[in-house]
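A.B. asks: In our numbering, the protein residues as written are 8 to 396.
Beta carbons: idealized from backbone N, C-alpha and C, even for Gly.
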Ligand code: HMG
């Protein structure tokens, strides 16, 4: 049975900071951010754009022309995030209500840093294999925050990707065999008491690259890489230079024609992410959307590899095949428009939004709507309860 991604969509905040402005404000050569880090802009979420709102908006995008009968066959909703809004209630339950999904389903939240989206996707694929006829909705949604004036500041971002996983998918059929490894590392983490993540930046890059090399070697020994047949290789993209380093590590390992093909496609796969920043769980999948929408040279039947990395750390290398008609399930025009029509913030506005926070004393806070055109937003918090549009 073929199982994989049948529908896909994304959402991103409607405001951004240009990284040249950030470089000037921080006294850094802009080329460090543009070339050294490889990013142009980062999305800046308002308080109303938490991961529930971003995730639900991504799902509205993915399911925009999905019939009610098909929604009724969704038996599992997973929200993968490391920016959860509650320690107990799953963000999936807020999303479940906002989307009007059927009661007769499971709705859960899962976490393992940026790997969470892939964990969700693989669990969803197993669920569909085990329950013929059922579908699963996976939402990866995050807000990457490191803090003002930190080394990680330039690698912030926010957004969400939603994927419907089904039998006989229209976009990408997933192969069952993959290579995965888990190892406890302290490269990046966010303690419960902190609104910002901590990272050992250079060490985190090193672990990412080591685990990619180990995954690649194991996949090779299992005959999974078949690099001549691999039309593209996607990476978790905390910032585009990181994925580029991953790809470059193969330069002396695989034939040059294969490397050049993968390199050309990599450039297409980072276009959206370079303007949004790190989306943690969703970064790999935004890269997938970018590749599929921006690359005109891929064909149905082409095989692609995906490398997922989550700090802490779990790394999985898996593969999929593009399905007949996959282009009909994409929406390049509206996604380009979403990114092109965002509001550019100045440094003052960015820092004000960054320092904005929700009340924690149980009082009522009406939250300014950061994007009235989006279907869903956090509108109020009162008595410690969240209320969404
Ligand atoms: P930094 O201290 O700014 O690094 O931290 P740097 O000074 O080495 O500069 C970065 C690059 O810019 C270097 O290139 C410089 O040479 C270059 P590289 O050696 O890396 O190829 N550079 C210039 N290039 C052109 N013109 C110039 C110039 N100046 C310097 N004038 C770092 C950078 C990414 C470490 C920092 O931003 C950080 O800590 N970010 C957060 C951690 C992170 O993203 N780690 C990635 C791997 S872990 C991961 O992916 C998981 C994650 O997504 C979380 C999760 O799983 O949930 C983070």
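So what's residue 49 in DSSP terms, helix, strand or just coil?
C.D. replies: Here residue 49 sits in strand by DSSP.
A.B. asks: Determine contact between the segment 55 to 73 and the segment 157 to 167, defined as no fewer than three beta-carbon pairs at a distance below 8 Å.
C.D. replies: Yes: the two stretches touch, three or more of their Cβ pairs being nearer than 8 Å.
A.B. asks: Given the structure, does residue 394 come close to the ligand HMG, in the sense that its CB is under 6 Å from one of the ligand's heavy atoms?
C.D. replies: Residue 394 Cβ: outside cutoff for every heavy atom of the ligand HMG.
A.B. asks: For residue 282, which residues of its own chain have a beta-carbon under 6 Å away from its beta-carbon, when the five flanking residues on both sides are left out?
C.D. replies: Taken in chain order, the residues that qualify are 47, 48 and 346.
A.B. asks: Let me check you understand the geometry: is the CB of residue 287 closer than 6 Å to at least one non-hydrogen atom of the ligand HMG?
C.D. replies: At least one heavy atom of the ligand HMG is nearer than 6 Å to the Cβ of residue 287, so yes.
A.B. asks: Out of curiosity, what's the CA-to-CA distance linking residue 327 and residue 90?
C.D. replies: For residue 327 and residue 90, the distance between alpha carbons rounds to 28 Å.
A.B. asks: Since residue 87 contacts residue 141 with CB under 8 Å, what's their CB separation in whole angstroms?
C.D. replies: Going by Cβ atoms, the distance from residue 87 to residue 141 rounds to 19 Å, so no, they are not a contact pair.
A.B. asks: Could you give the distance in angstroms between the alpha-carbon of residue 37 and the alpha-carbon of residue 271?
C.D. replies: Cα-Cα distance, rounded: 25 Å.
A.B. asks: Could you check the C-alpha separation between residue 300 and residue 278 for me, to the nearest Å?
C.D. replies: Cα-Cα distance, rounded: 10 Å.
A.B. asks: Just how far apart, CA to CA, sit residue 114 and residue 385?
C.D. replies: If I take the Cα positions, the gap works out to 20 Å.
A.B. asks: Can the beta-carbon of residue 323 be found closer than 7 Å to that of residue 234?
C.D. replies: For residue 323 and residue 234, no; Cβs fall outside 7 Å.
A.B. asks: So if DSSP puts residue 73 in a beta bridge, which residue, or which two residues, is it bridged to?
C.D. replies: Note: residue 73 sits in no beta bridge, so no partner.
A.B. asks: Could you check the C-alpha separation between residue 248 and residue 41 for me, to the nearest Å?
C.D. replies: Residue 248 and residue 41: Cα-Cα distance of roughly 10 Å.
A.B. asks: Using a 10 Å radius around the Cβ and a threshold of 16 neighbouring Cβ atoms, would you call residue 263 buried or exposed?
C.D. replies: Answer is exposed; the Cβ neighbour count stays below 16.
A.B. asks: At a threshold of 6 Å, does residue 174 count as lining the ligand HMG (C-beta to nearest heavy atom)?
C.D. replies: For the ligand HMG, not one heavy atom lies less than 6 Å from the Cβ of residue 174.
A.B. asks: State the CB to CB distance for the pair residue 64 and residue 289, rounded to an integer number of angstroms; the pair is presumed to be in contact (CB under 8 Å).
C.D. replies: Residue 64 to residue 289, Cβ: 12 Å. No contact.
A.B. asks: Determine which residues share a DSSP beta bridge with residue 328 and list them.
C.D. replies: Its beta-bridge partners are 180 and 310.
A.B. asks: Around the Cβ of residue 20, are there at least 16 other Cβ atoms within 10 angstroms (buried) or fewer (exposed)?
C.D. replies: By the 10 Å Cβ count, residue 20 comes out buried.
A.B. asks: Closer than 8 Å is the cut-off here; do at least three beta carbon pairs connect the segment 200 to 216 with the segment 346 to 359?
C.D. replies: Touching, no, given that fewer than three Cβ pairs across the two stretches are closer than 8 Å.
A.B. asks: Report yes if the CB atom of residue 192 is closer than 7 Å to the CB atom of residue 161, and no otherwise.
C.D. replies: No.
A.B. asks: Using a threshold of 7 Å, state whether the C-beta atoms of residue 293 and residue 280 are closer than that.
C.D. replies: Yes; because the gap between Cβ atoms is below 7 Å, this pair is in contact.
A.B. asks: Helix, strand or coil for residue 25 per DSSP?
C.D. replies: Note: residue 25 maps to strand in three-state DSSP.
A.B. asks: Let me confirm a value: residue 331 is counted as buried when at least 16 other C-beta atoms fall within 10 Å, else exposed. Which label applies?
C.D. replies: Exposed.
A.B. asks: Mark residue 394 as exposed unless 16 or more other C-beta atoms lie within 10 angstroms of its C-beta, in which case mark it buried.
C.D. replies: Per the 10 Å Cβ criterion, exposed.
A.B. asks: Considering just the uninterrupted stretch of the alpha helix (DSSP H) at residue 222, what are its terminal residues?
C.D. replies: Per DSSP, residue 222 belongs to the alpha helix (DSSP H) from 208 to 228.
A.B. asks: Applying the criterion that 16 or more other CB atoms from any shown protein chain within 10 Å of the CB defines a buried residue, is residue 210 buried or exposed?
C.D. replies: Residue 210 comes out exposed.
A.B. asks: What is the rounded straight-line gap between the Cα of residue 231 and the Cα of residue 370?
C.D. replies: Answer to the nearest angstrom: the Cα atoms are 55 Å apart.
A.B. asks: Classify residue 116 as buried or exposed, calling it buried when 16 or more other Cβ atoms lie within 10 Å of its own Cβ.
C.D. replies: So residue 116 ends up on the buried side.
A.B. asks: To the nearest angstrom, how far is it from the Cα of residue 257 to the Cα of residue 158?
C.D. replies: So the alpha carbons of these two residues sit roughly 27 Å apart.
A.B. asks: Are the CB atoms of residue 105 and residue 144 nearer to each other than 7 Å?
C.D. replies: It is not a contact, given that the beta carbons lie outside the stated cut-off.
A.B. asks: Taking 6 Å as the cut-off, is the C-beta of residue 36 nearer than that to any heavy atom in the ligand HMG?
C.D. replies: It does: the Cβ of residue 36 is within 6 Å (strictly closer) of some heavy atom of the ligand HMG.
A.B. asks: Within 6 Å: the Cβ of residue 125 and any heavy atom of the ligand HMG?
C.D. replies: No, Cβ of residue 125 sits at least 6 Å from all heavy atoms of the ligand HMG.
A.B. asks: Evaluate residue 391 with the Cβ neighbour count: other Cβ atoms within 10 Å of its Cβ, from every protein chain shown; 16 or more gives buried, anything less gives exposed.
C.D. replies: By the 10 Å Cβ count, residue 391 comes out exposed.
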